[in-house]
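Undergrad: Take a look at this one; I'll ask things after.
Number of protein chains: 2
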Amino acid sequence: MSSQQQAQPLLIVGSVAFDSVETPTGRADMALGGSASFVSIAASYFTQALVVGVVGDDFEAHHMARMSDHGVDVRGIEKTRGKTFHWRGRYHEDLNNRDTLETALNVFQHFNPIIPEAYRGTPYVMLGNIDPKLQLSVLEQTKGARFVGMDTMNFWIDTAREALHDVLSHVDLLFINDEEAMQLADQWTVLGAAEAIRAMGPKYVVIKRGEFGSVLFGPDLTLFVPAVLLTNVVDPTGAGDTFAGGFMGHICKTGELTRSNLAQALAWGTVMASFTVEAFSVDGICNLSREKIDARHRQLLDMVRY
Amino acid sequence: MSSQQQAQPLLIVGSVAFDSVETPTGRADMALGGSASFVSIAASYFTQALVVGVVGDDFEAHHMARMSDHGVDVRGIEKTRGKTFHWRGRYHEDLNNRDTLETALNVFQHFNPIIPEAYRGTPYVMLGNIDPKLQLSVLEQTKGARFVGMDTMNFWIDTAREALHDVLSHVDLLFINDEEAMQLADQWTVLGAAEAIRAMGPKYVVIKRGEFGSVLFGPDLTLFVPAVLLTNVVDPTGAGDTFAGGFMGHICKTGELTRSNLAQALAWGTVMASFTVEAFSVDGICNLSREKIDARHRQLLDMVRY
Numbered sequence: 391m392s393s394q395q396q397a398q399p400l401l402i403v404g405s406v407a408f409d410s411v412e413t414p415t416g417r418a419d420m421a422l423g424g425s426a427s428f429v430s431i432a433a434s435y436f437t438q439a440l441v442v443g444v445v446g447d448d449f450e451a452h453h454m455a456r457m458s459d460h461g462v463d464v465r466g467i468e469k470t471r472g473k474t475f476h477w478r479g480r481y482h483e484d485l486n487n488r489d490t491l492e493t494a495l496n497v498f499q500h501f502n503p504i505i506p507e508a509y510r511g512t513p514y515v516m517l518g519n520i521d522p523k524l525q526l527s528v529l530e531q532t533k534g535a536r537f538v539g540m541d542t543m544n545f546w547i548d549t550a551r552e553a554l555h556d557v558l559s560h561v562d563l564l565f566i567n568d569e570e571a572m573q574l575a576d577q578w579t580v581l582g583a584a585e586a587i588r589a590m591g592p593k594y595v596v597i598k599r600g601e602f603g604s605v606l607f608g609p610d611l612t613l614f615v616p617a618v619l620l621t622n623v624v625d626p627t628g629a630g631d632t633f634a635g636g637f638m639g640h641i642c643k644t645g646e647l648t649r650s651n652l653a654q655a656l657a658w659g660t661v662m663a664s665f666t667v668e669a670f671s672v673d674g675i676c677n678l679s680r681e682k683i684d685a686r687h688r689q690l691l692d693m694v695r696y
Numbered sequence: 391m392s393s394q395q396q397a398q399p400l401l402i403v404g405s406v407a408f409d410s411v412e413t414p415t416g417r418a419d420m421a422l423g424g425s426a427s428f429v430s431i432a433a434s435y436f437t438q439a440l441v442v443g444v445v446g447d448d449f450e451a452h453h454m455a456r457m458s459d460h461g462v463d464v465r466g467i468e469k470t471r472g473k474t475f476h477w478r479g480r481y482h483e484d485l486n487n488r489d490t491l492e493t494a495l496n497v498f499q500h501f502n503p504i505i506p507e508a509y510r511g512t513p514y515v516m517l518g519n520i521d522p523k524l525q526l527s528v529l530e531q532t533k534g535a536r537f538v539g540m541d542t543m544n545f546w547i548d549t550a551r552e553a554l555h556d557v558l559s560h561v562d563l564l565f566i567n568d569e570e571a572m573q574l575a576d577q578w579t580v581l582g583a584a585e586a587i588r589a590m591g592p593k594y595v596v597i598k599r600g601e602f603g604s605v606l607f608g609p610d611l612t613l614f615v616p617a618v619l620l621t622n623v624v625d626p627t628g629a630g631d632t633f634a635g636g637f638m639g640h641i642c643k644t645g646e647l648t649r650s651n652l653a654q655a656l657a658w659g660t661v662m663a664s665f666t667v668e669a670f671s672v673d674g675i676c677n678l679s680r681e682k683i684d685a686r687h688r689q690l691l692d693m694v695r696y
């Protein structure tokens, strides 16, 4: 593939939600959230993002505009009668733990992702952190995809392990944090967890650990990228989704799964996630300048330039 | 300084102890432990290590030989009547936490480190994880030192904060793990903690986080080195001391505090620590071949070769 090739689009299936978040230093009410929102805005800096999701009739034009203003194709977001998925949570003092105060699935409860005909040939697919049964349904509809990434969380490991294993056996890459990786794999080390998860199906596993960076495991390949070190962490919500968006966006842009491209994908995911946590909702990743993104990318790689 | 210069010796003051350790998979009884033992054996692969410490009359020739067989100068280890410092602990299932079952200070209770006249001009000094009051006493006796590193732990942060601050204001580098760094600095992020600690005195701070690597903070300098990823973690005891030994050993060997040397010091500390955790006591770092050490060093740096 030539480096002059056009970026390929990224199909994203996930939640589009309202988040109400309390942190030790502030709060946001009914702000745009959901995995598909974070993934798509992050990916939009690298490629064309196409979103399939569902919202209620309380989801207004200005909410949709936060995505479409970034060139995200939102025609796959179905608007239906009822209320948009609403999550309410409160972070602990250290921002590493949170309590869910309310999860109102609302219209998301009956979400049945139908991939529009025009999207079915999309080569790159990101399965946001939703019920593995829905992820399976998307996989059924996107069989020609070249590369499928997925995210998941402890809730699905606890409650839908069988379906989760089914999804894992069909995807190319899993994004997961370290504790969840160890839980999923029943292992005590990151390396042990990564090997066990790769044996479940995905050729690649990306294990994340907040401000201590992330590791990608692949065939004869282990790549480590540190995190951008920040002092002003406002709200971690969406950091993982944003990471996936930056990572997948770079893969869509470059096309090839070389060592170098995968390392750069980790770096871009890391950079985009660092902006997310500096503000509530998607505020940190909206309307970023190329200069600001590139400066942080240099700052990141400088830490491993010996 | 020429790259052909001779390695400078490293003076190490710390505990020499017997450790009795239980892990989920095994145990060691009355095995060689203590900060000075781990630091000196690790450093011996890079330079001449000189130890000042105290042991009891139950400390036999074969215990001492584990250090001296590596060329460690043990003439500064005073042998006195009574029993050697004995620590007994049990690790939890995940090896990240442990309970202290017994701490018998024994002869260490009256330890008053007297630096032999011949050692007082040693340019590089490592203050092992002991009472800050003892660390201060060593500092008084080694005023001409070019570079002083120190280690500490939550126990001293809790019980001897004032003396600890006094030590910090006189050393060049602090080794500390991430949780303890945040506790010491009363900060919620690694970066915030590092900045606050550097304001307390040390020009450099190395913050460690087990299998997620370590970060060095210095003047206009942030360097990150991942950890060697292992599946066979047997006993984490001494990993931090070993890290310090490899780090300081490399600095003694190379002499200059350049970006490149500091990064390599982080890497060598990481490599040596990875051997320690693969076995009980000092077994993992005794009689290592240069080939084995170098192979692991290459494996480590390969993770950040993009």
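Just so you know, the protein sequences line up as chains A and B, in that order.
Residue numbering for the first sequence follows the working numbering, starting at 391 and increasing by one per position.
Residue numbering for the second sequence follows the working numbering, starting at 391 and increasing by one per position.
By construction, the Cβ of each residue, glycine as well, lies at the ideal position given by its N, Cα and C atoms.
Could you tell me the distance, in whole angstroms, from the CA atom of residue 392 (chain B) to the CA atom of residue 650 (chain B)?
TA: With a pLDDT of only 41 at residue 392 (chain B), under 50, the local geometry of the prediction cannot be trusted, and no value is derived from it.
Undergrad: In the DSSP output, what is residue 540 (chain A) paired with across the bridge?
TA: In DSSP, residue 540 (chain A) forms a bridge with A:517 and A:564.
Undergrad: I'd like the list of long-range same chain contacts for residue 524 (chain A), defined as Cβ closer than 8 Å, with 5 residues on each side in sequence excluded.
TA: So the qualifying residues of the chain are 403, 501, 502 and 503.
Undergrad: So, under 8 Å CB-CB, residue 661 (chain B) and residue 683 (chain B) are touching, yes? Tell me the CB distance rounded to an integer number of Å.
TA: Indeed they touch by this definition, with Cβ atoms about 6 Å apart.
Undergrad: Suppose contacts are defined by Cβ-Cβ distances below 8 Å. Is residue 671 (chain A) in contact with residue 421 (chain A) by that definition?
TA: Yes. Within cutoff.
Undergrad: Between the Cα of residue 636 (chain A) and the Cα atoms of A:424, A:584, A:690 and A:428, which residue gives the shortest distance?
TA: Looking at the Cα atoms, A:428 is the closest of the given residues.
Undergrad: Answer with yes or no whether the minimum CB distance from residue 393 (chain B) to chain A is below 8 Å.
TA: Low confidence applies to residue 393 (chain B): its pLDDT is 46, below 50, so where it sits in the model is not reliable, and the reading given next is rough at best. No - not a single Cβ of chain A is within 8 Å of the one on residue 393 (chain B).
Undergrad: What residue from B:610, B:438, B:609 and B:605 has the CA that sits closest to residue 616 (chain B)'s CA?
TA: Nearest option by C-alpha distance: B:605.
Undergrad: Closer than 7 Å between beta carbons: that is the criterion. Which residues of the stretch 562 to 592 of chain B meet it against chain A?
TA: Those would be 578, 579, 580, 581 and 582, in chain order.
Undergrad: At least one CB of chain A closer than 8 Å to the CB of residue 650 (chain B): is that the case?
TA: By this cut-off, residue 650 (chain B) is an interface position.
Undergrad: Taking the CB atoms as reference points, tell me whether residue 410 (chain B) and residue 475 (chain B) lie closer together than 8 Å.
TA: No, they are not a contact pair.
Undergrad: Judging by CA-CA distance, which residue of A:430, A:467 and A:445 is the nearest neighbour of residue 633 (chain A)?
TA: Taking only the C-alpha atoms, the option nearest residue 633 (chain A) is A:430.
Undergrad: Count the other C-beta atoms from every protein chain shown that fall within 10 angstroms of the C-beta of residue 589 (chain B), then say buried if there are 16 or more, exposed otherwise.
TA: With fewer than 16 other Cβ atoms within 10 Å, it is exposed.
Undergrad: Quick check on this structure: which residue in B:509, B:455 and B:582 has the alpha carbon closest to the alpha carbon of residue 571 (chain B)?
TA: Selected option, being the one with the closest Cα: B:582.
Undergrad: Report the option in A:547, A:607 and A:641 whose CA atom is closest to the CA atom of residue 598 (chain A).
TA: Taking only the C-alpha atoms, the option nearest residue 598 (chain A) is A:607.
Undergrad: What's the gap between the Cα of residue 396 (chain B) and the Cα of residue 433 (chain B)?
TA: Taking the straight line from one Cα to the other gives about 15 Å.
Undergrad: Report the rounded CA-to-CA distance for residue 423 (chain B) versus residue 472 (chain B), giving the unit in angstroms.
TA: For residue 423 (chain B) and residue 472 (chain B), the distance between alpha carbons rounds to 17 Å.
Undergrad: When the cut-off is 8 Å and only beta carbons count, does residue 484 (chain B) lie next to chain A?
TA: At least one chain A Cβ lies under 8 Å of residue 484 (chain B).
Undergrad: Whose C-beta lies closer than 7 Å to the C-beta of residue 655 (chain A) among residues of the same chain, with five residues either side of it excluded?
TA: 637, 640 and 641.
Undergrad: Just verifying my parser: in three-state terms, what is the DSSP assignment at residue 492 (chain A)?
TA: If DSSP states are grouped into helix, strand and coil, residue 492 (chain A) belongs with the strands.
Undergrad: Pop quiz: residue 441 (chain A) and residue 469 (chain A) are said to be a contact at Cβ under 8 Å. What is the actual Cβ separation, rounded to whole angstroms?
TA: Rounded, the Cβ-Cβ distance is 13 Å, inconsistent with contact.
Undergrad: For residue 604 (chain B), name the three-state secondary structure that DSSP assigns.
TA: Residue 604 (chain B): strand per DSSP, three-state reduction.
Undergrad: Going by the DSSP bridge assignment, what does residue 505 (chain A) pair with across the sheet?
TA: DSSP, once it has assigned bridges, lists no residue as partnering residue 505 (chain A).
Undergrad: With 16 as the cutoff for other CB atoms within 10 Å, does residue 685 (chain A) come out buried or exposed?
TA: The residue in question, residue 685 (chain A), is exposed, as its Cβ has fewer than 16 Cβ neighbours within 10 Å.
Undergrad: Return yes when the Cβ of residue 542 (chain B) is within less than 8 Å of the Cβ of residue 399 (chain B), no when it is not.
TA: No, the Cβ-Cβ distance between residue 399 (chain B) and residue 542 (chain B) is not below 8 Å.
Undergrad: Buried or exposed: which applies to residue 545 (chain B), given that a residue is buried once 16 or more other Cβ atoms fall within 10 Å of its Cβ?
TA: With fewer than 16 Cβ atoms within 10 Å of its Cβ, residue 545 (chain B) is classed as exposed.
Undergrad: Would you call the CB atoms of residue 517 (chain B) and residue 538 (chain B) closer than 8 Å?
TA: It is a contact, given that the beta carbons lie within the stated cut-off.
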